[in-house]
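Worksheet: one structure, shown below.
Protein chains in written order, with my numbering: chain A, 241 to 410; chain B, 26 to 531; chain C, 23 to 518.
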């Protein structure tokens with residue numbers, strides 16, 4: 241029972257672990273370089289999914305504030321930066337996001353009327369947007385290296401490339 | 026302007042990179058001066074930053090004026106300031122070296138090469154300066170992606186190595202990202218200092234999640250720094266890359282990752298957690314011992330000059346990881362000082378390898394035959410770097426070894442002490458082998474007879490643009506050694522906050 | 023009480039002057055006369071600087087100078103005391119004579135790369151004097167390593183296969199020992215004492231470390247300073263004989279090897295303290311190690327046919343005399359040991375000069391080829407005879423006095439076994455030196471390998487070796503300066 245609970249309770253984690261292992265397996269064992277890269281993509285995607293699943297809350301919606309909601313909050317931040325400009329619009333949105341954190345343990349902002357439980361946490365999404373870009377670029381670079389390998393060796397099978405390196409001089 | 030110094034350190038190379046792409050399309054000759062200009066700005070700003078830090082203590086800079094924990098904060102203390110200055114200086118030196126070498130080794134891709142060079146530097150500097158754990162990941166990938174490309178510009182073996190590096194590097198970075206995710210679950214923050222506060226305030230150090238985060242981050246960073254046995258990507262990458270690339274990446278990448286490890290262990294997780302609660306010091310130091318021994322002994326077996334140096338990097342990483350995990354002030358001072366010193370000594374020997382390759386077109390150690398007579402200045406440069414790696418006073422390497430051994434003795438890790446000494450000897454063998462080749466290459470007939478007149482004719486030193494960087498680096502190695510006090514005092518000032526003298530760290 | 027120390031930069035200058043001389047030597051590389059002139063001037067200035075400090079030291083004071091603190095609580099510092107003075111005087115005065123000799127030897131043989139030779143020679147001397155005047159263990163180590171490296175190009179000067187393997191042995195022994203043994207001991211002592219490492223009469227380790235630690239450290243440091251050639255770490259010295267003879271003469275009879283024993287003397291007296299060592303009864307162990315080296319090296323010397331190798335093994339034995347004298351831990355023993363640094367230096371350098379002169383004039387290296395050479399090179403062989411007298415310890419040469427004191431030291435301590443060792447060794451010394459001189463002069467005419475025509479080596483070389491021979495004899499009549507210094511040093515170190 242315990243085991244079942246653990247598996248069902250952390251379903252998302254298990255899935256991402258399985259995905260990750262599939263990716264890792266492909267990266268290590270596949271002979272074809274492109275298949276390796278597919279594995280790498282799966283591996284990275286599993287991490288994206290993991291982060292996204294962190295943001296989810298039951299019954300919560302997307303964190304977009306109405307104008308009046310946003311206006312209600314005009315608190316000052318405890319640690320004003322050198323170049324901080326408290327009246328800046330974006331900053332308020334930022335503090336609203338902060339409220340949406342799962343554990344607003346250390347209070348960085350003043351009181352607020354917004355109920356964080358009603359919104360999913362947008363920060364992981366934002367982060368993953370960046371991570372997706374990073375992932376895509378990695379894939380792009382890796383693919384172009386593969387292409388270079390193909391023009392130089394005429395194959396994208398790892399063992400054949402290694403054989404060529406072993407036999408021929410550089 | 027001066028207030029913005031920390032940002033300029035990073036932005037100067039970044040903006041120059043953009044500029045180089047645009048300008049380079051039309052005027053390829055303009056690339057090099059631009060690179061030089063951008064990196065000089067970066068160095069100047071780094072100097073300014075470190076002066077400010079020394080004078081006024083920790084410097085906090087909010088990117089774009091956004092206060093933490095929302096915005097990205099640069100919190101610059103003695104540690105980053107030093108490492109940032111080191112990174113930008115090395116970037117500048119290796120850029121000077123690349124002036125003639127890039128057209129020669131990658132003549133069709135000059136502007137691309139310089140763009141990538143600047144982006145790598147941006148990534149590395151960003152990792153050093155940023156106070157945001159996720160931001161660090163992004164910059165890690167920026168520097169990694171560009172370095173894959175830079176390495177792949179070498180021979181076809183380099184392309185294979187770059188692919189391997191890309192796969193392994195991605196795994197490492199992903200581990201790091203995953204670890205940051207776990208930390209985020211627990212603390213809800215990405216700002217390093219904020220994470221630390223939450224971890225301490227809420228006593229989260231007992232949580233398994235934090236433990237998993239720590240393991241993931243540490244392993245991820247170890248992969249990226251080529252800590253034995255996770256070093257498989259390194260030797261070939263640096264051996265077959267263009268010499269300009271290995272001069273830039275060889276010294277920097279691994280050391281910046283060591284910096285990240287130190288930052289994570291001390292600032293994000295607490296030293297009390299990493300050293301006392303986990304109590305892995307012994308195991309990790311023994312791993313470092315193995316890394317040092319394997320690295321130095323493998324280096325002995327190499328015939329390719331740069332491959333030999335690459336294995337030395339593996340050994341040097343062992344020095345630093347071991348020094349950090351000794352968990353005492355001397356060990357940490359040694360590790361951080363070694364980080365800085367090692368950047369310059371590695372640069373010194375890689376520059377030498379580059380010059381040898383430039384002059385002879387050969388990669389083997391035997392290519393150094395007779396160089397003492399032909400290129401005395403180059404050999405003098407190598408001698409300084411080599412003596413520093415061996416650990417002969419008054420070069421920088423001696424003092425780092427001094428502190429590291431002191432740390433090892435203070436915590437009773439005799440294995441580590443012995444490993445350091447054996448590795449010194451291995452390096453002595455390595456470099457004196459080169460000296461022998463260089464000294465005995467041209468054999469004067471039967472040792473007697475006046476060859477003085479003949480010597481002059483064979484004299485052919487490398488061109489200034491590749492010789493000057495070597496000379497500069499060699500003098501820096503000496504200066505860092507002779508004036509090690511000022512660097513060490515910055516490091517000890519940084520370490521004071523962790524109260525490592527506390528008996529619980531024993 | 024001792025007068026207060028004088029702060030003066032003279033010791034630093036005395037060390038640096040030859041280092042600075044390297045620049046003009048390199049620049050003047052093409053004009054050999056000016057180049058050697060620079061060497062001379064540097065040597066004379068160096069000697070002058072050191073001699074200028076003599077009156078102060080004789081008055082019982084010391085001269086100190088701290089350059090800067092390089093590690094917290096650890097500075098690069100210089101301090102001149104009587105012991106350092108003896109060594110500094112010997113090394114710098116012999117440099118001048120050796121320069122003279124080198125000119126004769128190098129030009130006589132038309133050696134290559136003379137500029138390199140003279141530059142590294144100057145660097146070596148800077149390091150030697152640095153060791154002599156080092157105020158703490160760290161500074162000592164710094165110059166010790168500098169000397170190892172600076173002499174490597176000199177040892178491998180010929181750049182042939184033999185030089186290469188000799189140089190390899192040379193560096194392997196010296197660097198391995200210093201990195202593996204000295205460096206960790208240094209850091210360990212630094213941790214135990216919390217800094218300083220300054221040499222103090224009476225040592226500073228007493229009460230800081232236990233008996234076992236003391237024993238281990240003592241052995242590490244004794245063997246670590248492998249330049250002292252204590253067996254089994256002696257093989258580098260015969261190997262280094264591939265060097266040109268002036269190098270063997272000055273460096274491997276005086277500078278390098280004496281730096282080794284000097285370091286050991288410094289460590290015994292300034293780090294451990296004589297009292298501490300005798301309380302723990304550690305001197306005895308060292309005396310036996312040294313005694314073993316004394317006897318065995320003399321026996322090996324008997325079997326060597328190559329003259330320079332025979333001299334090298336003789337040097338190994340004589341170095342252990344010095345260590346042995348110190349390890350007796352008695353006033354007379356210590357005095358004798360310090361005097362022997364000077365006396366042996368003058369005697370042995372004469373012998374090497376002669377070996378070099380013979381090689382330069384006749385190309386002969388082996389003793390068996392030197393039968394009857396006394397008729398051809400009478401001056402050289404006479405000098406050789408005087409040098410032998412000094413090394414054996416027979417009256418009419420300075421070596422007599424130091425040996426007497428060493429013997430006196432053994433009697434003082436009641437160590438009759440050591441007395442026997444010293445006497446046996448002197449007999450052996452005589453056995454391996456006298457036949458050379460004897461057969462050179464008194465062989466049957468039909469056995470002589472040389473014609474009776476007098477044909478000496480290059481005049482510079484002959485002048486140099488005559489000079490050292492004369493000084494060796496002079497030191498028998500007037501050992502006063504070295505005796506006074508050694509006595510003062512011993513008094514100071516024994517806290518008498």
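Ideal Cβ placement from N, Cα and C applies to all residues, glycine included.
If you draw a straight line from the C-alpha of residue i to the C-alpha of residue j, how long is it?
| i | j | result |
| --- | --- | --- |
| residue 171(C) | residue 164(C) | 11 angstroms |
| residue 250(C) | residue 194(C) | 15 angstroms |
| residue 368(A) | residue 378(A) | 14 angstroms |
| residue 394(C) | residue 447(C) | 27 angstroms |
| residue 260(A) | residue 342(B) | 29 angstroms |
| residue 268(A) | residue 398(A) | 11 angstroms |
| residue 202(B) | residue 242(B) | 8 angstroms |
| residue 63(C) | residue 185(C) | 30 angstroms |
| residue 342(A) | residue 87(B) | Because residue 342(A) sits at a pLDDT of 43, beneath the cut-off of 50, its placement in the model cannot be relied upon, and the following sentence gives the value as read from the coordinates. Taking the straight line joining both Cα atoms gives about 25 angstroms. |
| residue 295(B) | residue 302(B) | 10 angstroms |
| residue 195(B) | residue 206(B) | 16 angstroms |
| residue 38(B) | residue 273(B) | 14 angstroms |
DSSP puts residue i in a beta bridge; with which residues?
| i | result |
| --- | --- |
| residue 360(A) | Answer is none; residue 360(A) lacks a bridge partner. |
| residue 102(C) | 85(C) |
| residue 97(C) | 91(C) |
| residue 615(B) | With chain B covering only 26 through 531, there is no way to say anything about residue 615(B). |
| residue 48(C) | For residue 48(C), which the question treats as bridged, DSSP gives no partner whatsoever. |
| residue 329(B) | 389(B) |
| residue 272(A) | 397(A) |
Apart from the five residues on each side of it in sequence, which residues of its chain come closer than 8 angstroms, Cβ to Cβ, to residue i?
| i | result |
| --- | --- |
| residue 208(C) | 159, 160, 163, 219 |
| residue 512(B) | 107, 362, 365, 505 |
| residue 53(B) | 135, 136 |
| residue 26(C) | 83 |
Show which residues of chain B have a CB atom less than 9 angstroms away from the CB atom of residue i.
| i | result |
| --- | --- |
| residue 270(A) | Per Cβ cutoff of 9 angstroms: no residues; residue 270(A) is ~10 angstroms from chain B at best. |
Cutting at 7 angstroms between CB atoms, please list the residues of its own chain near residue i, excluding the five before and the five after it.
| i | result |
| --- | --- |
| residue 510(C) | 82, 104 |
| residue 389(B) | 328, 329, 330 |
| residue 416(C) | 422 |
| residue 480(B) | Note that residue 480(B) scores 42 on pLDDT, short of 50, meaning its location in the model is unreliable and no value can be drawn from it. |
| residue 277(B) | 112, 115, 149, 368 |
| residue 66(C) | 118 |
| residue 309(B) | 346, 350 |
| residue 120(B) | 60, 61, 64, 142 |
Under 8 angstroms between beta-carbons, which chain B residues line up against residue i? List them in chain order, please.
| i | result |
| --- | --- |
| residue 164(C) | 418, 419 |
| residue 386(A) | 188 |
| residue 273(A) | 188 |
| residue 290(A) | 203, 206 |
Could you name the residues of chain A that residue i contacts, counting a contact when the two beta carbons are closer than 7 angstroms?
| i | result |
| --- | --- |
| residue 210(B) | 294 |
Excluding five sequence neighbours on each side, which residues of the same chain lie with their C-beta closer than 6 angstroms to the C-beta of residue i?
| i | result |
| --- | --- |
| residue 412(C) | 369, 419, 420, 421, 494 |
| residue 284(A) | 375 |
| residue 225(C) | 293, 294, 295, 298 |
| residue 128(C) | 136 |
Which chain A residues sit within Cβ distance under 8 angstroms of residue i?
| i | result |
| --- | --- |
| residue 252(B) | By Cβ distance, chain A contributes nothing, its closest Cβ being about 19 angstroms from residue 252(B), past 8 angstroms. |
Residues of chain C with CB closer than 8 angstroms to the CB of residue i, please, in chain order.
| i | result |
| --- | --- |
| residue 442(B) | 206 |
Which residues in chain C have a C-beta closer than 7 angstroms to the C-beta of residue i? List them in chain order.
| i | result |
| --- | --- |
| residue 534(B) | Past the boundaries of the shown model lies residue 534(B); chain B is included only from 26 to 531, so the question cannot be answered. |
* **Residues, ordered as in the chain, of the segment 449-460 of chain B that lie near chain C by beta-carbon distance below 7 angstroms** => 449, 450, 453, 457
* Chain-ordered residues of the segment 363-382 of chain A with a beta carbon less than 7 angstroms from chain B -> Result list: 367, 370, 371, 374, 377, 378, 381, 382.
* To do: Please name the residues in the segment 482-516 of chain B whose beta-carbon is closer than 8 angstroms to at least one beta-carbon of chain C, in chain order.
  => 507, 509, 510, 513
* Under 7 angstroms (Cβ pairs) to chain A, residues found in the segment 34-51 of chain B -> The segment 34-51 of chain B vs chain A, Cβ under 7 angstroms: nothing.
* To do: Note down, in chain order, all residues in the segment 429-441 of chain B with a beta-carbon under 7 angstroms from any beta-carbon belonging to chain C.
  => 430, 431, 434, 435
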